[in-house]
Amino acid sequence: MTDNVVELRGITRVFDGLPAVRQVRLSVRAGEIVWVCGGNGSGKSTLLRLVATALSPTFGDGAVLGFALLREREEIRARVELLGHQPRFYGQLTALENLRFVCRMYGIDVRHALPALARVGLDEVAGVRASSFSQGMRQRLALGRCLMRDPDLILLDEPYAGLDVDARGIVTDLLADAERRGRTVLLASHEPPTEGTVHRRVQLESGRLECVGEFAR
522 MTDNVVELRG ITRVFDGLPA VRQVRLSVRA GEIVWVCGGN GSGKSTLLRL
572 VATALSPTFG DGAVLGFALL REREEIRARV ELLGHQPRFY GQLTALENLR
622 FVCRMYGIDV RHALPALARV GLDEVAGVRA SSFSQGMRQR LALGRCLMRD
672 PDLILLDEPY AGLDVDARGI VTDLLADAER RGRTVLLASH EPPTEGTVHR
722 RVQLESGRLE CVGEFAR
C-alpha cells in the first residue's frame, strides 16, 4: 500500500513519432500541492492529461488514487477534476445551467451551483449563455466547477490564463481551500503561483522531469 495519490512509473507519450513526455517518474503524496513548471512545449499539459486519463501512455504505467492508470480509468475520472486549456461547458446553456448540469452528473445538491458562481464572481451573469463569455469568464466558470465538485485530485493546467490580477485570487483561494480539505493538486503553469500556495516544484524540460524542489511552509 502507498499514501501516494499519483504514482507514475516511466510514463512516456508519443505523438507522430515524437515523445511529448519521456520516462517520467513522479510520486505525489496525499494533500500535496505541486507546481509543475516549464515553458511552452515542455510537456506540462500532456502530463496532466495522462494523469486525468484523457490520454493513455504509449509506454509505462502508474496509479492515481490507488486505481490503475490503464485499467481503471472510470474510477479515476470520477474522482479527478481537470481544468484544461478548453474548459468543459455547454455554450448554449447559461452559467448557472452549466453548473447545475454538473451537480446532477455527480450527485451534488443543485443549490451549490449559485454559491459556486458567486465565489468566482459570476453570480451577476448566472443567467447569461456561456457562449458569450470572454476567455477570463470561461476560466472563472471552470474554476467554479472545481470549487463546487470538491474532487480528491485537482489538475490545473495554466489556470491563470485570461485572468486579471483580481481574478488570480480565485486560484489562490481554490488552493487554500484544497489544502484545508486535504485535497491533492497538480498545478501546471509557466507563471509562478502566489507565494506560499504550493508545497513543491517539479520542472519539466522537453518532456523530461529535470528537477524537484521543496518549498518552505
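Numbers in our numbering are just positions in the sequence shown, counted from 1, shifted up by 521. For every residue, glycine included, the Cβ atom is placed at its ideal position computed from N, Cα and C.
For residue 602, the CB contacts under 8 Å within the same chain, skipping 5 residues up- and downstream, are 666, 667, 670, 672, 674, 675 and 676 in chain order. According to DSSP, residue pairing for residue 547 in a beta bridge involves 529.
In the structure shown, the three-state DSSP call for residue 540 is strand. If you check the CB distance, residue 655 and residue 680 do not come in under 8 Å. With fewer than 16 other Cβ atoms inside 10 Å of its own Cβ, residue 626 counts as exposed. Residue 651 carries a helical assignment under DSSP once its states are collapsed to helix, strand and coil. Measuring C-alpha to C-alpha distances from residue 598 to each of 658, 571 and 664 identifies 571 as the nearest. The beta carbons of residue 653 and residue 613 sit no closer together than 8 Å. Beta bridge pairing from DSSP links residue 675 with 602 and 706. Here the segment 574-585 lies against the segment 531-546, with 3 or more beta-carbon pairs under 8 Å apart. Our two residues, residue 642 and residue 556, have alpha carbons roughly 25 Å apart in a direct line.
Residue 618: member of the alpha helix (DSSP H) spanning 616-627, first to last residue.
Between the alpha carbons of residue 600 and residue 661 lies a gap of roughly 21 Å. The three-state secondary structure of residue 583, taken from DSSP, is strand. Taking the Cα of residue 528 as reference, the smallest distance to any Cα among 696, 561, 631 and 584 is reached at 584. C-alpha of residue 532 to C-alpha of residue 565: approximately 13 Å in a straight line. In the structure shown, the three-state DSSP call for residue 660 is helix.
Judged by DSSP secondary structure, residue 641 falls outside any beta strand (DSSP E); it is assigned neither H nor E.
Sequence-distant Cβ neighbours of residue 729 in its own chain, meaning closer than 6 Å and more than five residues away, are 543. In the three-state DSSP reduction, residue 557 falls in the strand class (E or B). For residue 569, the uninterrupted alpha helix (DSSP H) segment begins and ends at 565-572. Counted as a single uninterrupted DSSP element, the beta strand (DSSP E) harbouring residue 725 occupies residues 721-726. Of the residues 618, 622, 623 and 685, the one whose Cα lies closest to the Cα of residue 646 is 618.
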